[in-house]
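Remarks on the structure that follows.
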Amino acid sequence: MLKVCHLYPDLLNLYGDRGNVMAYVRRCQWRGIEVEVHRINLGDPVDFREMDFLFLGGGSDREQNLMAKDLENRRELLHAAAEEGLVVLAICGGYQLLGKYYRTLEGHVIPGLGLLDFYTEAGRKRMIGNVVVELEIDGERVRVTGFENHAGRTFLGQISPLGRVLVGYGNNGEDGTEGARYKNVFCSYLHGPLLPKNPRLTDHLISLALRRRGLPAELAPLDDRLERAATEIMLKRLLK
Ligand code: GLN
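Following numbering that gives the first Met the number 0, the numbering of the sequence shown begins with 0 at its first residue and continues without gaps.
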C-alpha cells in the first residue's frame, strides 16, 4: 500500500495539476498496488515520514502567500522526510515554495521552506509555452514534454537541475536548466500535467517510493502507446 499526500489540493491546482496525482494513483492501481490518497489542506495534520509520495501543485503569487505560513509550520517534518527519501513532486508555485524565497514584482518577499538551495525572483516577462526537457532516469536520457507559465525566474545554488531545456524557458530562460532534484525530491516548472504526459517519469517516482519501503520496485509494463504517440507528436512539432 502506498500513501499519496496531495498538499493544498484546493489552493494549488493550476492547469490541471491534480492530474499528476491521478496518473500516479492509476498507474499503481493498474499494477495491483494499493494506494490511499490524503488530501491535506491548511492546518490539517500530517506526518510526511509516513507518506510515500508527496505532491505540491502550482499556484499564483496570492495563493503562495496564503500557504507560506502553513508550510513554515511543517518545515521540520518535511525536511526530515525529504532527507530520509520521501518521494516529492513539486510543480511551479509549489516548486518555488521549497526554495529560499520568492520575490514578487512589487518586491514583496514570500519566504520559502529553504528545503533546497535555490531562490526565485519574479521577472517582467512571463515565460509561457510548451517545453521539452531532457532528463536522466536510471542512466537513460528521457525527453519529457509539458507546458510552462511563470513569471518567477529560479536560480539554483548547490543543487542539480531536474534536466536540460531543449525547447522553452525552464528555470529562468538563461542558463538552460529546468527544475531541481535533490535525493527523491523532484521539482519542475512543467504543468501539462506532467505525469500523465510522461509515464516513464511517473513510473520512476512509483519505483522510488516502493524502493524506499523495501518493496520490489520492478514495475510491470503497461500499454503506453497513446502516451508515446502524443509525446512523439509534440517532439516533432517542437524540435524542428
Ligand atoms: N506565481 C508563480 C509565477 O508566476 C507560479 C505560477 C505557477 O504556478 N504557474 O512564477
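C-beta atoms are modelled at their ideal positions from N, C-alpha and C, and glycine is treated no differently.
Keeping to the same chain, check which residues put their C-beta closer than 6 Å to that of residue i; ignore five residues upstream and five downstream.
i      : result
Gly162 : Val132, Glu133, Leu134 and Glu177
Ala22  : Leu194, Pro195 and Thr201
Leu104 : Ala121
Leu209 : Ala216
Tell me the rounded alpha-carbon separation between residue i and residue j.
i      : j      : result
Gln70  : Ile109 : This sequence places Leu at residue 70; Gln is not what is there. Distance between the alpha carbons of Leu70 and Ile109 is about 12 Å.
Gly98  : Gly18  : 24 Å
Leu204 : Gln95  : 20 Å
His190 : Asn12  : 10 Å
Arg26  : Ile232 : 23 Å
Thr153 : Glu120 : 7 Å
Tyr14  : Gly31  : 29 Å
Arg227 : Pro198 : 9 Å
Met50  : Met0   : 10 Å
Arg142 : Gly93  : 22 Å
Leu65  : Gly42  : 12 Å
Ser187 : Ile39  : 21 Å
Quick check: is any heavy atom of the ligand GLN less than 6 Å from the C-beta of residue i?
i      : result
Gly92  : yes
Tyr41  : One point to set straight first is that residue 41 is Leu, not Tyr, in the sequence displayed. Not so, every heavy atom of the ligand GLN lies at least 6 Å from the Cβ.
Ala150 : yes
Leu13  : yes
Ser206 : no
Asp9   : no
Gly57  : yes
Where does residue i fall in DSSP's three states?
i      : result
Leu165 : strand
Cys186 : strand
Pro110 : strand
Arg38  : strand
Ile32  : coil
Ala121 : strand
Cys27  : helix
Ser206 : helix
Met126 : strand
Thr201 : helix
Val20  : helix
With a threshold of 7 Å on Cβ separation, who are the neighbours of residue i within its own chain once the five nearest residues in sequence on each side are excluded?
i      : result
Leu237 : Asn129, Val131 and Val166
Leu171 : In the sequence as presented, Leu is not what sits at residue 171; that position holds Asn. Excluding residues within five positions, the ones whose Cβ falls inside 7 Å are Arg152, Thr153 and Phe154.
Asp46  : Leu76
Suppose the cutoff is 8 Å on Cβ atoms and the five residues either side in sequence are ignored; what does the same chain contact list for residue i look like?
i      : result
Arg48  : Leu76, Ala79, Ala80, Glu83 and Leu85
Tyr100 : Val108, Ile109, Pro110, Gly111, Tyr118 and Thr119
Glu33  : Met0, Leu1 and Cys27
For the 8 Å Cβ check, are there 3 or more pairs between the segment 153-162 and the segment 100-120?
yes
Three or more C-beta pairs under 8 Å: does that hold for the segment 211-226 against the segment 121-132?
no
Is it the case that the segment 53-67 contacts the segment 1-10, given that we only count it when at least three CB pairs across the two stretches are under 8 Å?
yes
Below 8 Å, can you find three or more Cβ-Cβ pairs linking the segment 81-96 to the segment 171-186?
yes
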